[in-house]
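Residue numbers (the numbering used here): 330 to 640.
Glycine residues also receive a C-beta, built at the ideal position from the N, C-alpha and C atoms.
Since the structure is predicted, the reported quantities are computational estimates derived from the model, not experimental observations.
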Amino acid sequence: MLELKYYSVQEIQNLKDFFLVSYVIIDDIYHKIIPDHIRFRRNYSESKLSDSEIITLAIVGEIHSISSEKAWFNYICKNFKDLFPNLGHRTRFNRTRRNLESVMNAIRKEIGNYLGYNQSDTYIVDSMPIPVCGFGRAHFSKRFRDISSYGYCASKKESYYGLKLHAVVNLEGYLVDFELTAANVDDRAILWELLSDAYQPIVLGDKGYIGDTFAQELKAEKGINLLALKRNNSKNPYPKDLRNWISKHRRRIETTFSQLAEQFHINEVLANSLSGLKARIQSKILAHNISYFMNKCLGNPTTGQIKHLIF
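Put into C-alpha cells, the structure is as follows:
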C-alpha cells in the first residue's frame with residue numbers, strides 16, 4: 330500500500346497546474362514500481378524528456394480530447410515551452426511513448442492497487458467495438474489485417490471490421506483491466522484471462538456471457554459467480570429483483586464506455602502500427618483512471634484545493 334504524505338496546498342487554476350499535479354502522481358509511482366533496468370537503460374541519460382514527462386504529456390493530451398498527436402505536440406511547443414524546454418522532435422517522442430506501453434500498464438495497475446480495486450467483491454464485464462476502418466472499406470483496407478476480423482455490435486445493431494476491447498470495471502466505474510482482441514472473439518473466451526487475478530468475485534455481464542455450462546466452469550475452477558442477463562424467453566429466468574439489480578449496476582460500465590468513446594475517442598484508430606495502437610489505448614485508459622484517481626483521492630481538481638502526493 331502506498332503511503333500518502335501531503336505538502337503544498339494549491340488550487341488548480343489552469344492547464345499548467347494540471348500538468349504539474351499529473352506529473353507528480355505519475356513520477357512518484359514510476360520511481361516506486363519501475364525496475365532499474367528500465368529506468369537506467371542504455372542512452373537514457375541522453376534523453377531530453379524523462380519517461381514520466383512523456384507519459385504525462387500523453388495522458389494530458391488524451392484528457393483534453395486531442396486525438397491528433399501532431400496537433401497536441403505543436404500546441405505544447407507553442408504554449409508550454411517553459412514546462413518542457415527540451416521537447417525534442419515529435420517522432421522521437423512518439424517512438425519513446427510506444428516503448429513505454431508496458432510502463433503505463435504497470436502505473437495503471439499500481440493505481441488500482443492503491444485504491445483497493447484490483448480485489449473487489451463485484452465486477453462488471455463488457456466489450457466495445459474498435460473499428461479500424463469504415464465497413465465499406467474493410468475488403469480493401471490493409472491496416473491491422475493480421476489481427477482484425479468482422480464482428481457484430483449488438484448494442485448498435487451493426488456489423489463492423491476491426492478489433493474488440495474487453496473490459497472489467499468495478500461498481501464505481503474504475504476500469505480494472507482490459508484485453509484487445511479481434512472482433513470475432515467470443516466475450517466468454519477472454520473472461521478467463523480478464524479475471525485471472527480475481528478472487529471469487531460476483532461478475533455481472535450482458536447476454537453475450539450467457540451459458541450455464543460456462544458459468545458452472547467458472548464457478549468450479551475459479552470460484553467466480555457469473556450473473557449474465559438472460560433472454561426474455563429463458564426457461565430459467567432470474568427473479569425480478571435480481572434482474573433489476575443486475576441491469577441497474579451494468580449501467581456503470583456503459584457510462585465508462587461512453588466516457589472512453591466520447592471524451593477519449595478510444596474507438597478512433599489513428600495508429601498505423603500495432604505498438605502505436607496499444608500505446609494509444611493504454612494512454613487513454615490510464616488517462617481515464619488518473620482522472621478518476623484525482624476525483625477520488627484529491628477532491629474535485631477543477632474547483633477544490635489539491636494536495637500534492639508523495640508516495
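* Asked: Near Gly491, what residues of its chain come up, given a Cβ to Cβ distance below 6 Å and the 5 sequence neighbours on each side ignored?
  -> As a position in the sequence shown, residue 491 is number 162, starting the count at 1. Counting only Cβ-Cβ distances below 6 Å, and skipping sequence neighbours, we find Ile459, Pro460, Val461, Ser477, Ala512.
* Every unbroken beta strand (DSSP E) within the region 447-483, with a cutoff of 3 residues, ordered by chain -> 451-460, 478-482
* Which value, in whole angstroms, describes the spacing of the CA atoms of Gln611 and Ser449? -> Residue mapping note: residue 611 aligns to position 282 of the sequence shown, counting from 1. Residue mapping note: residue 449 aligns to position 120 of the sequence shown, counting from 1. For Gln611 and Ser449, the distance between alpha carbons rounds to 22 Å.
* Mind checking who Ala511 pairs with in its DSSP beta bridge? => For the purposes of this step, residue 511 is taken as the residue at position 182 of the sequence shown. Ala511 is bridged to Leu492.
* **7 Å Cβ shell around Cys406 - same chain, five flanking residues per side excluded** => Start at 1 with the first residue of the sequence shown, and residue 406 comes out as number 77. So the qualifying residues of the chain are Leu416.
* To do: Could you check if Phe507 is buried or exposed, using at least 16 other CB atoms within 10 Å of its CB as the buried criterion?
  => Walking along the sequence shown from the start, residue 507 turns up at place 178. When all chains shown are included, Phe507 counts as buried.
* Flag this pair as yes or no: are the beta carbons of Ser488 and Tyr479 separated by less than 8 Å? => Locating residue 488 in the sequence shown gives position 159, where the first residue counts as 1. Locating residue 479 in the sequence shown gives position 150, where the first residue counts as 1. Going by C-beta atoms, Ser488 is nearer than 8 Å to Tyr479.
* To do: Return helix, strand or coil for Asp506, following the three-state DSSP convention.
  => Locating residue 506 in the sequence shown gives position 177, where the first residue counts as 1. Residue state, collapsed to three classes: strand.
* **His578 versus Asp411: straight-line alpha-carbon distance, rounded** => In the sequence shown, residue 578 corresponds to position 249, counting from 1. In the sequence shown, residue 411 corresponds to position 82, counting from 1. Answer to the nearest angstrom: the Cα atoms are 45 Å apart.
* To do: Please say whether Ile575 and Leu556 have beta carbons closer to each other than 8 Å?
  => Residue 556 sits at position 227 when you count from the first residue of the sequence shown. Residue 575 sits at position 246 when you count from the first residue of the sequence shown. Yes, Cβ-Cβ distance for Leu556 and Ile575 is below 8 Å.
* How should Gly534 be labelled, buried or exposed, when 16 other C-beta atoms within 10 angstroms of its C-beta is the threshold for buried? -> Counting from one through the sequence shown, the residue named residue 534 turns up at place 205. Buried: at least 16 other Cβ atoms inside 10 Å.
* Start and end residues, beta strand (DSSP E) containing Leu589 -> Numbered from 1 along the sequence shown, position 260 holds the residue referred to as residue 589. Per DSSP, Leu589 belongs to no beta strand (DSSP E); it is in the alpha helix (DSSP H), 569-591.
* Separation of Gly465 from Gly441, as counted between CA atoms -> Sequence index remark: in the sequence shown, residue 441 carries index 112 (1-based). Sequence index remark: in the sequence shown, residue 465 carries index 136 (1-based). Between Gly441 and Gly465, the C-alpha separation is close to 40 Å.
* Asked: Thinking just about the alpha-carbon of each residue, which of Gly390, Leu509, Glu591 is nearest to the one in Lys345?
  -> Translated into the one-based positions of the sequence shown, residue 345 becomes position 16. The residue with the shortest Cα to Cα distance from Lys345 is Gly390.
* Would you report the Cα separation of Leu333 and Tyr359, rounded to the nearest angstrom? -> The residue you call residue 333 lines up with position 4 of the sequence shown. The residue you call residue 359 lines up with position 30 of the sequence shown. Low confidence applies here, because Leu333 scores a pLDDT of 38, under 50, leaving its location unreliable; read the following figure in that light. Near 15 Å, if we compare the C-alpha coordinates of Tyr359 and Leu333.
* Just how far apart, CA to CA, sit Asp380 and Leu429? -> As a first step, residue 380 is located in the sequence shown; it is residue number 51 there, counting from the start. As a first step, residue 429 is located in the sequence shown; it is residue number 100 there, counting from the start. Looking at the two C-alpha atoms, the distance is approximately 8 Å.
* Got a sec, what are the start and stop residues for the alpha helix (DSSP H) Asn423 sits in? -> Taking the first residue of the sequence shown as 1, we reach residue 423 at position 94. It spans 419-428 - the alpha helix (DSSP H) in which Asn423 sits, taken as one unbroken run.
* What does a CB cutoff of less than 6 Å around Ile641 pick up in its chain, not counting 5 residues either side in sequence? -> Outside the shown range of the chain, which is 330 to 640, sits residue 641, and nothing can be said about it.
* In the structure shown, what three-state DSSP assignment does Glu487 receive? -> As a first step, residue 487 is located in the sequence shown; it is residue number 158 there, counting from the start. Residue state, collapsed to three classes: strand.
* To do: Specify the secondary structure class of Gly605 as computed by DSSP and reduced to three states.
  => Counting from 1 along the sequence shown, the entry for residue 605 is found at position 276. If DSSP states are grouped into helix, strand and coil, Gly605 belongs with the helices.
* Whole-number beta carbon distance between Phe402 and Arg426, since they are thought to touch under 8 Å -> Numbered from 1 along the sequence shown, position 97 holds the residue referred to as residue 426. Numbered from 1 along the sequence shown, position 73 holds the residue referred to as residue 402. Going by Cβ atoms, the distance from Arg426 to Phe402 rounds to 11 Å, so no, they are not a contact pair.
* Sort out for me which residues DSSP pairs Leu524 with in a bridge. => As a position in the sequence shown, residue 524 is number 195, starting the count at 1. In the DSSP output, where bridge partners are listed per residue, Leu524 has none listed.
* Asked: Are the CB atoms of Asn601 and Arg472 nearer to each other than 8 Å?
  -> Along the sequence shown, one-based indexing puts residue 601 at 272. Along the sequence shown, one-based indexing puts residue 472 at 143. Yes, Cβ-Cβ distance for Asn601 and Arg472 is below 8 Å.
* To do: With DSSP collapsed to three states, give me the class of Ala557.
  => In the sequence shown, counting from the first residue as 1, residue 557 sits at position 228. Three-state DSSP puts Ala557 in a strand.
* **Chain-order list of residues whose beta-carbon lies under 7 Å from that of Leu523 (same chain, five-residue window excluded)** => As a first step, residue 523 is located in the sequence shown; it is residue number 194 there, counting from the start. So the list reads Val454, His495, Val497, Asp506, Glu508, once near-sequence residues are dropped.
* **Sequence-distant residues of its chain with Cβ nearer than 8 Å to Ile362 (five each side left out)** => Looking up residue 362 in the sequence shown gives position 33. Same-chain partners within the cutoff: Ala435, Ile436, Glu439.
* Asked: Residues bridged to Gly534 by DSSP?
  -> As a first step, residue 534 must be located in the sequence shown, where it is residue number 205. In the DSSP output, where bridge partners are listed per residue, Gly534 has Ala557.
* Which of helix, strand or coil DSSP assigns to Cys626 -> Taking the sequence shown and counting its residues from 1, the one referred to as residue 626 is at position 297. In this structure, Cys626 counts as helix in the three-state DSSP scheme.
* **C-alpha gap between Ile367 and Tyr446, whole angstroms** => Your numbering for residue 367 matches position 38 in the sequence shown. Your numbering for residue 446 matches position 117 in the sequence shown. Going by the C-alpha atoms only, they are around 27 Å apart.
* **Classification of Thr542 by the beta-carbon crowding that lies within 10 angstroms, buried from 16 upward** => By 1-based counting over the sequence shown, the position of residue 542 is 213. Flag for Thr542 reads exposed.
* To do: Please state whether DSSP places Val353 in a helix, a strand or coil.
  => Here residue 353 is taken as the residue at index 24 of the sequence shown, counted from 1. Note: Val353 maps to helix in three-state DSSP.
* Ser525 burial status per 10 Å Cβ neighbour count (16 or more: buried) -> Taking the sequence shown and counting its residues from 1, the one referred to as residue 525 is at position 196. Exposed, because fewer than 16 other Cβ atoms sit within 10 Å of the Cβ of Ser525.
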